[in-house]
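Asks:
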Amino acid sequence: RKEVEQDPGPFNVPEGATVAFNCTYSNSASQSFFWYRQDCRKEPKLLMSVYSSGNEDGRFTAQLNRASQYISLLIRDSKLSDSATYLCVVNKGYSTLTFGKGTMLLVSP
Amino acid sequence: ETGVTQSPTHLIKTRGQQVTLRCSSQSGHNTVSWYQQALGQGPQFIFQYYREEENGRGNFPPRFSGLQFPNYSSELNVNALELDDSALYLCASSLAGEFNSPLHFGNGTRLTVT
Numbered sequence: 001r002k003e004v005e006q007d008p009g010p011f012n013v014p015e016g017a018t019v020a021f022n023c024t025y026s027n028s029a030s031q032s033f034f035w036y037r038q039d040c041r042k043e044p045k046l047l048m049s050v051y052s053s054g055n056e057d058g059r060f061t062a063q064l065n066r067a068s069q070y071i072s073l074l075i076r077d078s079k080l081s082d083s084a085t086y087l088c089v090v091n092k093g094y095s096t097l098t099f100g101k102g103t104m105l106l107v108s109p
Numbered sequence: 110e111t112g113v114t115q116s117p118t119h120l121i122k123t124r125g126q127q128v129t130l131r132c133s134s135q136s137g138h139n140t141v142s143w144y145q146q147a148l149g150q151g152p153q154f155i156f157q158y159y160r161e162e163e164n165g166r167g168n169f170p171p172r173f174s175g176l177q178f179p180n181y182s183s184e185l186n187v188n189a190l191e192l193d194d195s196a197l198y199l200c201a202s203s204l205a206g207e208f209n210s211p212l213h214f215g216n217g218t219r220l221t222v223t
C-alpha cells in the first residue's frame with residue numbers, strides 16, 4: 001500500500017462547479033497534513049494546511065479524519081485558474097514530506 | 110526576504126555522466142531537503158541536510174549524494190546517471206525545530222538524461 005493515495009484523475013469540471021479530492025495515508029504517526037498545488041512544469045506550492053477541526057480558505061475547504069486516516073479538499077465555484085494538479089502531502093516529522101501522486105483538475109469554460 | 114533558489118534551471122546530460130545541482134536556502138533557514146519528481150508522479154524525498162550532515166534519507170541509492178555548506182546552501186550530486194534519473198529536482202529549506210511546518214520549494218532543476 002502506498003503511503004499517500006489520491007483519487008486518480010483527471011477531473012474535468014465546468015466553471016462554477018464544486019469538486020472534491022480525497023486522500024488516504026497509511027502512517028498513523030503522521031503529524032501534519034497539507035494540500036499543495038502544482039501548475040504544469042512548475043514547483044509545488046502550498047495551498048493550505050489541514051487541521052483536525054477542518055479549515056477553510058475562501059473557496060477551499062480542507063478536512064482531516066485521523067481515525068480514518070483520510071484527508072479531503074473541497075473547491076467551490078471552480079475557476080479556470082484552479083486548473084492544476086493537487087497534491088496531498090503528509091509530514092511524518094522532521095520536515096520530511098510524503099506526497100501523493102497528485103490529482104489533475106481541468107476547469108473548462 | 111529571499112526565497113529558495115536553485116540552479117541551473119534546466120540541464121541535459123548523457124547516461125553515465127555525473128551532475129551537480131545547487132540550492133541556496135531561504136534566509137534564516139538551516140535545513141535543506143531535496144526531492145525528485147518524475148513525470149506524472151509526486152515528489153519523492155531524497156535526503157535532508159542539517160549542520161552540514163545528512164539528516165535523513167529516502168529510498169535512493171548511494172550514487173545520490175549531497176553537501177551542505179556553512180552558509181546552509183546545498184548541492185545534490187548524482188553519479189553514473191541513468192535514464193530514469195530524468196526528473197524535476199526540487200530543493201526546500203526549513204528551520205530545524207519547525208518539524209511540522211510545510212516546505213516551500215525552489216523552482217527546481219529539470220534534468221534530462223539521454
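Listed in order, the protein sequences are those of chains S and P.
Numbering of the first sequence is given in our numbering, commencing with residue 1 and proceeding in unit increments.
Numbering of the second sequence is given in our numbering, commencing with residue 110 and proceeding in unit increments.
Ideal placement from N, C-alpha and C gives every residue a C-beta, glycine not left out.
What is the DSSP secondary structure of residue 80 (chain S), reduced to helix, strand or coil?
Replies: Along the first sequence, read from residue 1 onward, the residue named residue 80 (chain S) stands at position 80. Residue 80 (chain S) falls in the helix class under three-state DSSP.
Asks: Anything in the stretch 206-218 of chain P with a Cβ closer than 9 Å to a Cβ of chain S? List those residues in chain order, please.
Replies: Going along the stretch 206-218 of chain P in chain order, one finds 207, 208, 209, 210, 211, 212, 213, 214, 215, 216 and 217 with a Cβ nearer than 9 Å to chain S.
Asks: Distance check for residue 22 (chain S) and residue 192 (chain P), CA to CA, integer angstroms please.
Replies: One-based indexing of the second sequence puts residue 192 (chain P) at position 83. One-based indexing of the first sequence puts residue 22 (chain S) at position 22. Roughly 33 Å between the two C-alpha positions.
Asks: Looking at chain P, is there any beta carbon in it that lies within less than 8 Å of the beta carbon of residue 91 (chain S)?
Replies: The residue given as residue 91 (chain S) occupies position 91 in the first sequence. Taking Cβ atoms only, chain P reaches closer than 8 Å to residue 91 (chain S), which makes this a yes.
Asks: I'd like to know whether the C-beta of residue 150 (chain P) is nearer than 8 Å to at least one C-beta of chain S.
Replies: In the second sequence, counting from the first residue as 1, residue 150 (chain P) sits at position 41. Chain S contact via Cβ: present.
Asks: When DSSP builds the beta bridges, which residues end up paired with residue 144 (chain P)?
Replies: As a first step, residue 144 (chain P) must be located in the second sequence, where it is residue number 35. DSSP, once it has assigned bridges, lists P:154 and P:199 as partnering residue 144 (chain P).
Asks: Identify, in the order they occur along the chain, each residue of the same chain with its Cβ nearer than 8 Å to the Cβ of residue 221 (chain P), setting aside the five sequence neighbours on each side.
Replies: Here residue 221 (chain P) is taken as the residue at index 112 of the second sequence, counted from 1. Within the same chain, residue 221 (chain P) has close Cβ partners 119, 120, 121, 122 and 195.
Asks: Which term fits residue 70 (chain S), buried or exposed, when burial requires 16 or more other beta carbons within 10 angstroms of its beta carbon?
Replies: As a working mapping, residue 70 (chain S) is identified with position 70 in the first sequence. Exposed, because fewer than 16 other Cβ atoms sit within 10 Å of the Cβ of residue 70 (chain S).
Asks: Could you check if residue 28 (chain S) is buried or exposed, using at least 16 other CB atoms within 10 Å of its CB as the buried criterion?
Replies: Here residue 28 (chain S) is taken as the residue at index 28 of the first sequence, counted from 1. By the neighbour-count rule (16 or more Cβ atoms within 10 Å), residue 28 (chain S) is not buried but exposed.
Asks: Can at least three beta-carbon pairs, one atom from the stretch 172-192 of chain P and one from the stretch 78-93 of chain S, be found at a separation below 8 Å?
Replies: No, the stretch 172-192 of chain P is not in contact with the stretch 78-93 of chain S.
Asks: Let's see if you can read the secondary structure: which residues bound the beta strand (DSSP E) around residue 168 (chain P)?
Replies: Mapped onto the second sequence, residue 168 (chain P) falls at position 59. That residue, residue 168 (chain P), is in no beta strand (DSSP E); it is neither H nor E in DSSP.
Asks: Out of P:168, P:161 and P:216, which has the shortest C-alpha to C-alpha gap to residue 153 (chain P)?
Replies: Sequence index remark: in the second sequence, residue 153 (chain P) carries index 44 (1-based). Residue P:168 is the option with its Cα nearest to residue 153 (chain P).
Asks: With DSSP collapsed to three states, give me the class of residue 7 (chain S).
Replies: Taking the first residue of the first sequence as 1, we reach residue 7 (chain S) at position 7. Coil, per DSSP.
Asks: Within 8 Å, do at least three Cβ pairs link the stretch 173-189 of chain P to the stretch 138-152 of chain P?
Replies: Touching, yes.
Asks: Grab me the residues of residue 177 (chain P)'s own chain with a C-beta within less than 7 Å of its C-beta, minus the 5 sequence neighbours each way, in chain order.
Replies: Counting from one through the second sequence, the residue named residue 177 (chain P) turns up at place 68. Answer for residue 177 (chain P): 141, 158, 161 and 183, listed in chain order.
Asks: Beta carbon of residue 15 (chain S), beta carbon of residue 107 (chain S): below 8 Å?
Replies: As a first step, residue 15 (chain S) must be located in the first sequence, where it is residue number 15. As a first step, residue 107 (chain S) must be located in the first sequence, where it is residue number 107. Yes, these two residues count as a Cβ contact at 8 Å.
Asks: Which residue wins for smallest C-alpha separation from residue 165 (chain P), given the options S:30, S:59, S:97 and S:38?
Replies: To locate residue 165 (chain P), count along the second sequence from 1; it is residue 56. For the residues S:30, S:59, S:97 and S:38, the minimum Cα distance to residue 165 (chain P) belongs to S:97.
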